[in-house]
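**Q**
Protein chains: 2
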Amino acid sequence: MKLNADQLERVAGLFRAFAEPTRLAIIQELKGGEMSVSEIVDQLTTSQANVSKQLRMLYDAGLVTRRKQATQVLYGIAEPMVFDLCSLVCDKLNRDARKPAPLKF
Amino acid sequence: MKLNADQLERVAGLFRAFAEPTRLAIIQELKGGEMSVSEIVDQLTTSQANVSKQLRMLYDAGLVTRRKQATQVLYGIAEPMVFDLCSLVCDKLNRDARKPAPLKF
DNA sequence: TCACTAAATAGCCACATGGTTATGTTTGCA
DNA sequence: TGCAAACATAACCATGTGGCTATTTAGTGA
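Heads up: the sequence lines are chains P and A, in that order. Each number in our numbering comes from the position in the first sequence (counting from 1) with 66 added on. Each number in our numbering comes from the position in the second sequence (counting from 1) with 66 added on.
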């Protein structure tokens with residue numbers, strides 16, 4: 067079965083959510099469980115504004131959950147498939163480069 | 067284990083290869099087996115130049131194979147994980163939208 | 001040598017977006 | 001009320017790249 071242009075666009079859009087290092091870094095942080103925006107910011111090397119922006123993209127893509135708690139907003143992984151996707155890609159990269167320590171997401 | 071900036075960039079780069087509808091369309095065509103560039107062009111609605119360009123990106127990403135045969139160049143899927151990736155994403159989209167006919171890549 | 005086909009490349013433009021700084025908005029507390 | 005903290009948004013810039021047209025390169029056959 068072949069996907070039409072519209073369906074391909076939706077698939078591409080989902081992949082696009084994973085196509086930036088900053089968003090992957092955020093996902094990586096959330097792997098351990100829910101985190102507030104500022105906790106994420108503290109772990110990364112970019113601005114709070116940028117983290118919020120990327121979190122919104124992940125949220126719009128349906129990949130993360132969002133929950134207000136007092137003054138904070140907690141984000142978490144909404145889709146277990148996120149980890150499956152990352153594993154597949156890491157495995158491929160490890161296969162390509164047999165030298166360095168295997169990547170594990 | 068956390069990936070560093072360089073490793074995240076490589077992971078993102080691989081996802082980026084899947085983040086465009088035209089490249090997904092090419093992958094979809096190649097699912098049935100090797101095809102020449104002009105065969106692919108005939109199936110899509112974009113120019114030969116663009117198909118060559120996108121094929122090069124897929125090739126550089128290590129996702130497709132390339133083989134000269136007479137005057138033609140045959141491309142094929144190099145990584146079975148390509149289909150696993152697409153399946154995971156399609157499943158997620160199907161889960162989100164219960165209405166239309168399930169996508170299957 | 002010339003003509004033709006297949007594929008790749010170059011040059012160009014328009015658009016999307018990652019990142020920044022600055023500003024809003026909401027909530028909790030003195 | 002006022003202030004400060006936590007997030008979100010706005011406005012802007014620089015870069016990357018999808019797509020096009022035009023050209024180049026390589027292989028085939030007359």
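Virtual Cβ for every residue (Gly too), placed ideally from N, Cα, C. Nothing here was measured: the structure is a model prediction, and the numbers come from that model.
1. Does the Cβ of E95 (chain P) have 16 or more other Cβ atoms within 10 Å, making it buried, or fewer, making it exposed?
2. Taking Cβ positions, are S102 (chain A) and Q135 (chain A) nearer each other than 9 Å?
3. Would the beta-carbon of N160 (chain P) be found less than 8 Å away from any heavy atom of the ligand FMN?
4. Do A78 (chain P) and P87 (chain A) have their C-beta atoms within less than 9 Å of each other?
5. Can you grab the Cα-Cα spacing for the pair R161 (chain A) / L151 (chain A), in whole Å?
6. For K134 (chain A), name the three-state secondary structure that DSSP assigns.
7. Indicate the three-state DSSP secondary structure (helix, strand or coil) for G79 (chain A) in the structure shown.
8. For R82 (chain P) and L121 (chain P), what's the separation of their Cα atoms in angstroms?
9. Would you mind giving the Cβ-Cβ distance between M123 (chain A) and R89 (chain A), rounded to the nearest angstrom? I have them listed as a contact below 8 Å.
10. L140 (chain A) by DSSP, collapsed to three states: which one?
11. Looking at C-alpha atoms only, which residue of P:G99, P:I93, P:Q138 and P:A71 is the closest neighbour of L129 (chain P)?
12. What is the DSSP secondary structure of M101 (chain A), counted as helix, strand or coil?
13. So Y141 (chain P) and E100 (chain P) are supposed to be a Cβ contact under 8 Å. How far apart are they, rounded?
**A** Once the coordinates are examined:
1. Along the first sequence, read from residue 1 onward, the residue named residue 95 (chain P) stands at position 29. By the C-beta density criterion, E95 (chain P) is buried, having at least 16 other C-beta atoms within 10 angstroms.
2. Counted from its first residue, the second sequence places residue 102 (chain A) at position 36. Counted from its first residue, the second sequence places residue 135 (chain A) at position 69. It is a contact, given that the beta carbons lie within the stated cut-off.
3. Of ligands this structure carries none, so the ligand FMN is not represented either.
4. Numbered from its first residue, the first sequence carries residue 78 (chain P) at position 12. Numbered from its first residue, the second sequence carries residue 87 (chain A) at position 21. In contact: A78 (chain P) and P87 (chain A) (Cβ atoms closer than 9 Å).
5. Taking the first residue of the second sequence as position 1, residue 161 (chain A) is located at position 95. Taking the first residue of the second sequence as position 1, residue 151 (chain A) is located at position 85. About 16 Å.
6. Position 68 of the second sequence, counting from 1, holds the residue named residue 134 (chain A). In the structure shown, K134 (chain A) sits in a strand (DSSP, three-state: E or B).
7. To locate residue 79 (chain A), count along the second sequence from 1; it is residue 13. Helix, per DSSP.
8. Your numbering for residue 82 (chain P) matches position 16 in the first sequence. Your numbering for residue 121 (chain P) matches position 55 in the first sequence. R82 (chain P) and L121 (chain P): Cα-Cα distance of roughly 14 Å.
9. In the second sequence, residue 123 (chain A) corresponds to position 57, counting from 1. In the second sequence, residue 89 (chain A) corresponds to position 23, counting from 1. Contact holds; Cβ gap of about 7 Å.
10. Position 74 of the second sequence, counting from 1, holds the residue named residue 140 (chain A). Three-state result, L140 (chain A): strand.
11. Here residue 129 (chain P) corresponds to residue number 63 of the first sequence, with the count starting at 1. It is P:I93 whose Cα lies nearest to the Cα of L129 (chain P).
12. Looking up residue 101 (chain A) in the second sequence gives position 35. If DSSP states are grouped into helix, strand and coil, M101 (chain A) belongs with the strands.
13. On the first sequence, residue 141 (chain P) is found 75 positions in, with the first residue counted as 1. On the first sequence, residue 100 (chain P) is found 34 positions in, with the first residue counted as 1. Right, the Cβ-Cβ distance comes to about 7 Å (below 8 Å), so this counts as a contact.
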